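Taking it in order: structure first as structure tokens, then the write-up.
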Amino acid sequence: MNRAWLETLAADIARLHARGCEVLLVSSGAIALGRRSIGLPAGRLKLEESQAAAAVGQIRLAHAWKEVLEQHGVNVAQILLTFADTEERRRYLNARSTINTLLKLGAVPVINENDTVATAEIRYGDNDRLAARVAQMVSADSLILLSDVDGLYTADPTRNPQAELIAEIRAITPEIERMGTGSASDVGSGGMATKIAAAKIAVSAGCHMCIALGREMHPLRRIEQGARCSWFFPTANPITVRKQWIAGALKPAGAVVVDAGAVRALRAGKSLLPAGVVGVDGQFQRGDALVVRDEQGNEIARGLSAYSSADAERLKGRQSHEIEALLGHRGRDELIHRDDLVLTAHE
Numbered sequence: 000m001n002r003a004w005l006e007t008l009a010a011d012i013a014r015l016h017a018r019g020c021e022v023l024l025v026s027s028g029a030i031a032l033g034r035r036s037i038g039l040p041a042g043r044l045k046l047e048e049s050q051a052a053a054a055v056g057q058i059r060l061a062h063a064w065k066e067v068l069e070q071h072g073v074n075v076a077q078i079l080l081t082f083a084d085t086e087e088r089r090r091y092l093n094a095r096s097t098i099n100t101l102l103k104l105g106a107v108p109v110i111n112e113n114d115t116v117a118t119a120e121i122r123y124g125d126n127d128r129l130a131a132r133v134a135q136m137v138s139a140d141s142l143i144l145l146s147d148v149d150g151l152y153t154a155d156p157t158r159n160p161q162a163e164l165i166a167e168i169r170a171i172t173p174e175i176e177r178m179g180t181g182s183a184s185d186v187g188s189g190g191m192a193t194k195i196a197a198a199k200i201a202v203s204a205g206c207h208m209c210i211a212l213g214r215e216m217h218p219l220r221r222i223e224q225g226a227r228c229s230w231f232f233p234t235a236n237p238i239t240v241r242k243q244w245i246a247g248a249l250k251p252a253g254a255v256v257v258d259a260g261a262v263r264a265l266r267a268g269k270s271l272l273p274a275g276v277v278g279v280d281g282q283f284q285r286g287d288a289l290v291v292r293d294e295q296g297n298e299i300a301r302g303l304s305a306y307s308s309a310d311a312e313r314l315k316g317r318q319s320h321e322i323e324a325l326l327g328h329r330g331r332d333e334l335i336h337r338d339d340l341v342l343t344a345h346e
């Protein structure tokens, strides 16, 4: 554990946090820490050895982040994800809701792949793509990948002295993809190819992505001060991308009919509350896409439901403070939150 370096990164994160940035960490190191602690030999590990090393190392890793960030008054939360948690709709929604709640409460989630349970066939295997999927999940503005190189080069700079750094990438072309090379690190599992794959995920979600040198002290501050790095640029912002996806790429599983007051509220940028719902059509689950119609049958909006059709039927026309009594648990106040809703028709 390079404690001195970790403390400078924590100081950078705390500074971002203090000025109102929401920060998430996707942290590697659990297997590398664990294998040394329990004396596993150098070289490639069997799957069960990697999982054992991760189980030991994850405790040390989380404790280290807790110590360095709490020195700055920043609360730390640990989240372990598997591939399925970011690919399966229900689990994706649960993870996204937990992360967003932690951010609203002012904590910094420290995220890692759950190596102790993920098998070789259902795991990411590198933190670059995991980080990109987390960035996509929370509609992040920027993703920073701290690497053993300071950016994307036209060729492998360790082999070709004529290689040039590409500071800005506006489109991920086949030529850019061919520039991916293997990792120079003996503990990392991702090379430049995985970073380019991560960039494709990030920019498609409206997220900027940076590849920068990680080994220097205060690596985030160095980026802000103009250090050499490579930035991948999206063509839209995360909210716009998400709204476009909801409006056009989803097949609605059902519909809700809303009263005139709810129509006005939606057009004013508000969420859809159960009180404004007068009808529920179709069979749907939490997270499914719905059409929102007015009482004349006109489509007003589309959005992602916070409740199943059965629960929506129970809640329609009722006040949000009645949800717990009606369902037996405290759910969201909104049937469709405004972040998950896009108007498809206007006055």
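Reading the sequence shown from the start, the letters are residues 0 to 346 in numbering that gives the first Met the number 0. Backbone N, C-alpha and C define an ideal beta-carbon position, used for all residues, glycine too. These numbers were taken from a predicted model, which means no experiment stands behind them.
Opening and closing residue of the alpha helix (DSSP H) in which residue i lies
{"i": "M178", "result": "It is not in any alpha helix (DSSP H) - M178 carries neither H nor E in the DSSP assignment."}
{"i": "S36", "result": "A29 to S36"}
{"i": "R285", "result": "No alpha helix (DSSP H) holds R285; DSSP gives it neither H nor E."}
{"i": "R169", "result": "Unbroken run through R169: none, as it is neither H nor E."}
{"i": "S49", "result": "L46 to E69"}
{"i": "L80", "result": "Looking at the DSSP string, L80 is not in any alpha helix (DSSP H); the run it does join, the beta strand (DSSP E), is V75 to L80."}
{"i": "G247", "result": "P237 to G247"}
{"i": "Y91", "result": "R88 to K103"}
{"i": "A192", "result": "M191 to S203"}
Nearest residue (CA-CA) to residue i, options the options
{"i": "L102", "options": "A53, A139, P233 and K315", "result": "A139"}
{"i": "R89", "options": "R285, E66 and V276", "result": "R285"}
{"i": "T81", "options": "G105, G72 and V25", "result": "V25"}
{"i": "I78", "options": "G72, E66, H71 and R95", "result": "R95"}
{"i": "K194", "options": "G281, V279, L8 and D125", "result": "D125"}
{"i": "R266", "options": "P273, I299 and D287", "result": "I299"}
{"i": "A305", "options": "Q295, A162, E294 and S319", "result": "S319"}
{"i": "R337", "options": "E163, D293, K269 and Q282", "result": "K269"}
{"i": "D258", "options": "A288, N297, A252 and Q282", "result": "N297"}
{"i": "A131", "options": "I200, V290 and W230", "result": "I200"}
{"i": "A204", "options": "I175, R43, A192 and I245", "result": "I245"}
{"i": "A29", "options": "A13, E48, L23 and R18", "result": "E48"}
{"i": "G278", "options": "Q295, H71 and N1", "result": "Q295"}
{"i": "Q50", "options": "N1, I98 and A31", "result": "A31"}
Integer Cβ distance of residue i from residue j, believed to fall under 8 Å
{"i": "C209", "j": "L144", "result": "7 Å"}
{"i": "Y152", "j": "M136", "result": "With 8 Å as the limit, Y152 and M136 do not qualify as a contact, their Cβ atoms being about 30 Å apart."}
{"i": "D11", "j": "H217", "result": "6 Å"}
{"i": "V276", "j": "K242", "result": "Incorrect: roughly 21 Å between the Cβ atoms, too far for contact."}
{"i": "L272", "j": "D332", "result": "7 Å"}
{"i": "R301", "j": "T343", "result": "6 Å"}
{"i": "A235", "j": "I222", "result": "Actually they do not touch by this definition, with Cβ atoms about 23 Å apart."}
{"i": "L5", "j": "V67", "result": "5 Å"}
{"i": "G281", "j": "A309", "result": "Going by Cβ atoms, the distance from G281 to A309 rounds to 11 Å, so no, they are not a contact pair."}
{"i": "A76", "j": "V109", "result": "7 Å"}
Residue i burial status per 10 Å Cβ neighbour count (16 or more: buried)
{"i": "L46", "result": "exposed"}
{"i": "E86", "result": "exposed"}
{"i": "C228", "result": "buried"}
{"i": "G190", "result": "buried"}
{"i": "K250", "result": "exposed"}
{"i": "S27", "result": "buried"}
{"i": "S146", "result": "buried"}
{"i": "H328", "result": "exposed"}
{"i": "H62", "result": "exposed"}
{"i": "I37", "result": "exposed"}
{"i": "G56", "result": "buried"}
{"i": "I238", "result": "exposed"}
{"i": "A198", "result": "buried"}
{"i": "F232", "result": "exposed"}
{"i": "E120", "result": "Since pLDDT at E120 reaches only 46, below the 50 mark, its modelled position is unreliable, and the value read off the structure follows with that caveat. Exposed, by the Cβ-count rule."}
{"i": "L340", "result": "buried"}
{"i": "A3", "result": "exposed"}
{"i": "V186", "result": "Residue placement at V186 is flagged as unreliable, the pLDDT there being 39, under the threshold of 50; the coordinate-derived value follows with that caveat. That one is exposed."}
{"i": "H16", "result": "buried"}
{"i": "G247", "result": "exposed"}
{"i": "L104", "result": "exposed"}
{"i": "G33", "result": "buried"}
{"i": "N159", "result": "exposed"}
{"i": "G150", "result": "buried"}
{"i": "N111", "result": "buried"}
{"i": "N113", "result": "buried"}
One or two residues paired with residue i in a DSSP bridge
{"i": "C228", "result": "A211"}
{"i": "Y152", "result": "L164"}
{"i": "E298", "result": "R292"}
{"i": "L142", "result": "M208"}
{"i": "I335", "result": "L271"}
{"i": "L24", "result": "V109"}
{"i": "L314", "result": "Paired residue(s): none; L314 is not in a bridge."}
{"i": "L39", "result": "None, per the DSSP bridge assignment."}
{"i": "L355", "result": "Outside the displayed range of the chain (0 to 346) lies residue 355, so it cannot be described from this structure."}
{"i": "L303", "result": "A288"}
Endpoints, beta strand (DSSP E) assigned at residue i
{"i": "T126", "result": "Checking the sequence, you will find Asn at residue 126 rather than Thr. Per DSSP, N126 belongs to no beta strand (DSSP E); it is in the alpha helix (DSSP H), N126 to M136."}
{"i": "N111", "result": "V107 to E112"}
{"i": "D11", "result": "Note, D11: premise wrong, no beta strand (DSSP E); alpha helix (DSSP H) at R2 to A17."}
{"i": "V277", "result": "V276 to D280"}
{"i": "A254", "result": "G253 to V257"}
{"i": "V341", "result": "L340 to L342"}
Any non-hydrogen atom of the ligand FAD closer than 7 Å to residue i Cβ
{"i": "I37", "result": "With respect to the ligand FAD, the structure shown offers nothing to examine, as it has no ligands at all."}
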